[in-house]
Amino acid sequence: MKRPTWIHAVVLGAFCTGFGIILATTNVFTADQIAQRAVEDMQNSLAQVVPAAIHDNSLVKDAITVKNDAGKDITIYRAMKDGKVTGVAYEIDGTGYGGQIRLMLGVDAAGNILGVRATEYHETPGLGDKIDPAKSDWITRFTGLSLGRPPVDKWKVKKDGGDFDQFSGATITPRGVVAAIRAGLEFFAAHKAQFLEVR
Amino acid sequence: MSSDYGRIVRDGLWDNNGVFGMILGMCPTMAMTTSATNGLGMGLATAAVMAASSLLVALFRGVITQEVRIPVFILIVAAMVTLVDLTMNAWMHELYKVLGLFIPLIVSNCLPLARLEAFAAKEPVLPSFMDGLFMGIGFTLSLTAIGAVREIVGSGTLFANASLLLGPAFTFLETRVLPADSGVLVAILPPGGFLATGLLLAGKRYIDVKAGKPIAMAGAHSV
Chain X
458 MKRPTWIHAV VLGAFCTGFG IILATTNVFT ADQIAQRAVE DMQNSLAQVV
508 PAAIHDNSLV KDAITVKNDA GKDITIYRAM KDGKVTGVAY EIDGTGYGGQ
558 IRLMLGVDAA GNILGVRATE YHETPGLGDK IDPAKSDWIT RFTGLSLGRP
608 PVDKWKVKKD GGDFDQFSGA TITPRGVVAA IRAGLEFFAA HKAQFLEVR
Chain G
4 MSSDYGRIVR DGLWDNNGVF GMILGMCPTM AMTTSATNGL GMGLATAAVM
54 AASSLLVALF RGVITQEVRI PVFILIVAAM VTLVDLTMNA WMHELYKVLG
104 LFIPLIVSNC LPLARLEAFA AKEPVLPSFM DGLFMGIGFT LSLTAIGAVR
154 EIVGSGTLFA NASLLLGPAF TFLETRVLPA DSGVLVAILP PGGFLATGLL
204 LAGKRYIDVK AGKPIAMAGA HSV
């Protein structure tokens, strides 16, 4: 039995339409939930890099946008206490072994690191994913450091003559993270006045 | 023969196992087995998608014409994967943070497609569902086994971070087999995936030959 060609087109078209509708419906029902989860994740990662003791405001609410050197808008989440900016947190990114690594960097008003956390990365499980505090304490060692401590030219992994440990088997990941943090601190130094200005 | 469930279970778990029988789905097998927990997570997500898509294909097998079956199968697998991805992101967010990375990879796995083509497209709904489910469980066990070998040799641990995947009740699974920093790194690098898979495959074939079973190549059922 030879069926006309249009039958196949109809079958394929019907399946595409049917599953398209199912997926669109699912998307409608889950979009709000997913957006809500993303906000919660953002608040959680902010809470990890900015201690609760130094602010009495909502960081997400008191955010400003500042253009970086590449002309990209960066959202600066500002921690404030008694009307003064006590610290800021913003997303930075570096290049790892598995592509882009996004990190949240918290810096106090004097330019010292309050904390750093990787928020999104695609590094090799078991090797590069040691930047995750659930797997290794490596990322917590940045807390308290600043652009002068260690000196700027020591902001590299040990293999490149710097001060920071790489992981066994993974040099590219920590190299990307260290470079991203250094660039993040330089961004802070360049725009400090703008970050701390209260409008 | 289609409703011989004992055989469907045996095929999925051992005789015609996706990884060690048919040598399918090698991409996620190599990529996700750096630890037993990762293998388990990838396997479970794949099993869910395989069971659902086998059921759907068997349900619509009378309507899907021969000429367009492959795009329809891919559509069904991709739709199931997206559905699981969105639903987990919205309502099982903690689990999604661990498994989220693996889920889109299921589309690139040729094992679900192979089972749809070889089994679900020809058999009734319930046997197809069982086939998808047990092929998925067999895939999960294989990935967990490869992951366990690579993790023990490479990192000296077994089921590290299992509590992130399965919940705090499973912390007891997390064991350290060898002293810290004594792992042979190659095991968790890509070559280790080929070595571990090859050795386990040889072991399975050895057991089969000892038991007098013929070595069967890919097919809907083991011969």
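Protein chains in written order, with our numbering: chain X, 458 to 656; chain G, 4 to 226. Glycine included, every Cβ here is placed at the ideal spot set by N, Cα and C.
Taking residue i as the reference, give the member of the options with the closest Cα.
i, options, result
"G:A117", "G:I155, G:P182 and G:M53", "G:M53"
"X:A566", "X:K541, X:G475, X:A575 and X:L516", "X:K541"
"G:L169", "G:M95, G:V152, G:A151 and G:E126", "G:M95"
"X:A650", "X:G618, X:I521 and X:W595", "X:I521"
"X:L562", "X:W463, X:G641 and X:T482", "X:G641"
"G:G186", "G:V84, G:I73, G:T37 and G:M29", "G:T37"
"G:S57", "G:R179, G:A123 and G:I26", "G:A123"
"G:V80", "G:G103, G:Q69 and G:T49", "G:T49"
"G:M25", "G:R208, G:A163 and G:V212", "G:R208"
"G:N41", "G:P194, G:F142 and G:L203", "G:F142"
"G:I11", "G:A121, G:G195, G:T32 and G:M33", "G:A121"
"X:A553", "X:G475, X:D594, X:D586 and X:Y547", "Correcting the residue identity first, residue 553 of chain X is Gly in this sequence and not Ala. Cα-wise, what sits closest to X:G553 is X:D586."
"G:I67", "X:H465, X:G477 and X:T482", "X:H465"
"G:M35", "G:T147, G:D211 and G:I210", "G:T147"
"G:T178", "G:Y99, G:L161 and G:L102", "G:L161"
"X:D622", "X:H648, X:G528, X:Q493 and X:I588", "X:I588"
"X:V564", "X:V467, X:G544 and X:P607", "X:G544"
For residue i, return the contacting residues in chain G, with the cut-off set at a CB-CB distance below 7 Å.
i, result
"X:L584", "I191"
"X:N484", "L89"
Look at the Cβ atom of residue i, then the Cβ atom of residue j, and state whether they are nearer than 8 Å.
i, j, result
"X:I491", "G:A172", "no"
"X:E643", "X:L604", "yes"
"G:I106", "G:D134", "no"
"G:A51", "X:I479", "no"
"X:S502", "X:R574", "yes"
"G:D190", "G:G157", "Here residue 190 of chain G turns out to be Ala, not Asp, going by the sequence shown. It is a contact, given that the beta carbons lie within the stated cut-off."
Can you pull the chain X neighbours of residue i, defined as C-beta to C-beta under 8 Å?
i, result
"G:P74", "L469"
"G:T68", "R460, I464, H465 and V468"
List, in order along the chain, the chain G residues whose C-beta lies closer than 9 Å to that of residue i?
i, result
"X:L571", "Simply none; closest approach about 23 Å."
"X:T487", "L89, T90, N92, A93 and W94"
Pop quiz: residue i and residue j are said to be a contact at Cβ under 8 Å. What is the actual Cβ separation, rounded to whole angstroms?
i, j, result
"X:L469", "G:V180", "Not a contact, Cβ separation roughly 51 Å."
"X:L571", "X:V506", "6 Å"
"X:A471", "X:L516", "With 8 Å as the limit, X:A471 and X:L516 do not qualify as a contact, their Cβ atoms being about 49 Å apart."
"X:T483", "G:L86", "6 Å"
Can you name the residues of chain X whose CB is closer than 9 Å to the CB of residue i?
i, result
"G:L188", "L584, S625 and G626"
Find the residues of chain X that neighbour residue i, judging by a C-beta separation of less than 7 Å, and give them in chain order.
i, result
"G:A82", "F476, I479 and L480"
List the residues of chain G that residue i touches, going by C-beta distances under 8 Å, in chain order.
i, result
"X:R494", "N92, A93 and H96"
Kindly confirm or deny that the stretch 523–537 of chain X and the stretch 494–513 of chain X touch, where touching means at least three C-beta pairs closer than 8 Å.
yes
Pair every Cβ in the stretch 632–649 of chain X with every Cβ in the stretch 547–562 of chain X, then say whether three or more of these pairs are closer than 8 Å.
yes
With contact counted as at least three CB pairs below 8 Å, one residue from each stretch, are the stretch 578–592 of chain X and the stretch 621–628 of chain X in contact?
yes
I'd like to know if the stretch 51–70 of chain G and the stretch 116–134 of chain G are in contact, where contact means that at least 3 CB-CB pairs between them fall below 8 Å.
yes
Cβ contact (3+ pairs, closer than 8 Å) linking the stretch 144–153 of chain G and the stretch 190–199 of chain G
yes
At least three beta-carbon pairs within less than 8 Å, the stretch 40–57 of chain G to the stretch 104–113 of chain G
yes
I'd like to know if the stretch 9–21 of chain G and the stretch 66–79 of chain G are in contact, where contact means that at least 3 CB-CB pairs between them fall below 8 Å.
no
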